[in-house]
Amino acid sequence: MSFQKQLQKLRKEKGLSQEKLAEMIGISRQAVAKWEVGQSYPDIARLILLSELFKVSIDKLVNDYDENCRLYIEENKQDCKDEDIIQFLCIAKKHINDIVEVKDTESNAYDMQFSEGNLKYISRYHGKKQFIGEDLLLRDDSPIWGMNYNGRIIGEVFSEGFLKEALALVPKEYPYRGPMVYQNGQYKYHCIVNGELEWFQGYEEIFFEDIKIYECNFNGGYIK
0 MSFQKQLQKL RKEKGLSQEK LAEMIGISRQ AVAKWEVGQS YPDIARLILL SELFKVSIDK
60 LVNDYDENCR LYIEENKQDC KDEDIIQFLC IAKKHINDIV EVKDTESNAY DMQFSEGNLK
120 YISRYHGKKQ FIGEDLLLRD DSPIWGMNYN GRIIGEVFSE GFLKEALALV PKEYPYRGPM
180 VYQNGQYKYH CIVNGELEWF QGYEEIFFED IKIYECNFNG GYIK
């Protein structure tokens, strides 16, 4: 079931009008109406509010389970191939923070690499406060998968240690950045992903208390 249909179903089961739901989460009725016809999509903060209100996981809200079930048989062979890549990505991302960054003096880029067998993971980015980067996965030195990202720090209390902590918790279901929600003390990390390993896009953000201090967009997929 798509997000817009899931939202309509949950709202009606709870006996709420669009106006009442909008009032409860602090937005306009028009915004809710647009969500329910697929014209727009809530940000991660609103998804968390909806998740808490309807007492369902964010995963259940945003993922099209019916479609995934329909495609399972057709893509079973592809899934087996993906499993290898997913497992390696998770291992690489959990270890990448232990690897010392090497600065390329010619391009001023920061490089990190992790290898296992015939697979190699390379992460390279430019900038610190506002940055752009690329992750590449190679098999036998040929690129097979990649991800681009760009982000920025927008708060003085940003903690690089907290971001690395969140990214090290990369979930197998979404082996791109960090988990959907992670909190440690006053810091809270949110991540939302649309798509699958072969073609995806996503967004992550960090809040300190109720103030957003970091945001990053990412997208990627297979290289063919």
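Under numbering that gives the first Met the number 0, the first residue of the sequence shown carries the number 0, and numbering increases by one thereafter.
Using N, Cα and C, we set each Cβ at its ideal position, and we do this for glycine too.
Between the beta-carbon of residue i and the beta-carbon of residue j, is there less than 9 Å?
i      : j      : result
Asn193 : Asn149 : no
Arg10  : Glu35  : yes
Gly145 : Tyr213 : no
Tyr186 : Pro178 : no
Asn96  : Lys163 : yes
Ile24  : Leu60  : no
Ile90  : Glu115 : yes
Asp139 : Asn117 : yes
Between which two residues does the beta strand (DSSP E) harbouring residue i extend?
i      : result
Glu182 : Note that residue 182 corresponds to Gln in the displayed sequence, not to Glu. Run containing Gln182: 180-183, per the beta strand (DSSP E) assignment.
Val31  : Taken as a continuous stretch (DSSP letters only), Val31 belongs to no beta strand (DSSP E), being part of the alpha helix (DSSP H) at 28-35.
Asp43  : Looking at the sequence provided, one finds Ile at residue 43 rather than Asp. Segment 43-53 is the alpha helix (DSSP H) holding Ile43; no beta strand (DSSP E) there.
Ile121 : 118-125
Would you give the residue range spanned by the alpha helix (DSSP H) that residue i belongs to?
i      : result
Glu115 : Note, Glu115: premise wrong, no alpha helix (DSSP H); beta strand (DSSP E) at 109-115.
Lys128 : Unbroken run through Lys128: none, as it is neither H nor E.
Leu6   : 2-12
Gln38  : Run containing Gln38: none; DSSP gives neither H nor E here.
Glu18  : 17-24
Please look up how many angstroms separate the CB atoms of residue i and residue j, rounded, as I've assumed it's under 8 Å.
i      : j      : result
Phe199 : Gly184 : Actually they do not touch by this definition, with Cβ atoms about 30 Å apart.
Glu18  : Arg28  : 5 Å
Ile191 : Leu46  : 7 Å
Ile98  : Phe113 : 6 Å
Glu176 : Gly160 : What sits at residue 176 in the sequence shown is Arg, not Glu. With 8 Å as the limit, Arg176 and Gly160 do not qualify as a contact, their Cβ atoms being about 16 Å apart.
Problem set entry | In chain order, each beta strand (DSSP E) run of at least 3 residues that lies wholly inside the region 137-178 | Counting only runs of 3 or more, we get 141-152.
For this session: Count the CB pairs spanning the region 111-124 and the region 172-187 that are closer than 8 Å, and state whether there are at least three.
Result: Segments in contact, no.
Exercise. Is the region 123-142 touching the region 160-168, taking contact as three or more C-beta pairs under 8 Å?
Worked result: Taking 8 Å as the limit for Cβ pairs, the verdict is that the region 160-168 does not touch the region 123-142.
Problem set entry | Uninterrupted beta strand (DSSP E) stretches inside the region 181-220 (no shorter than 3 residues) | Counting whole runs of 3 or more residues, the region 181-220 contains the beta strand (DSSP E) stretches 186-195, 198-207.
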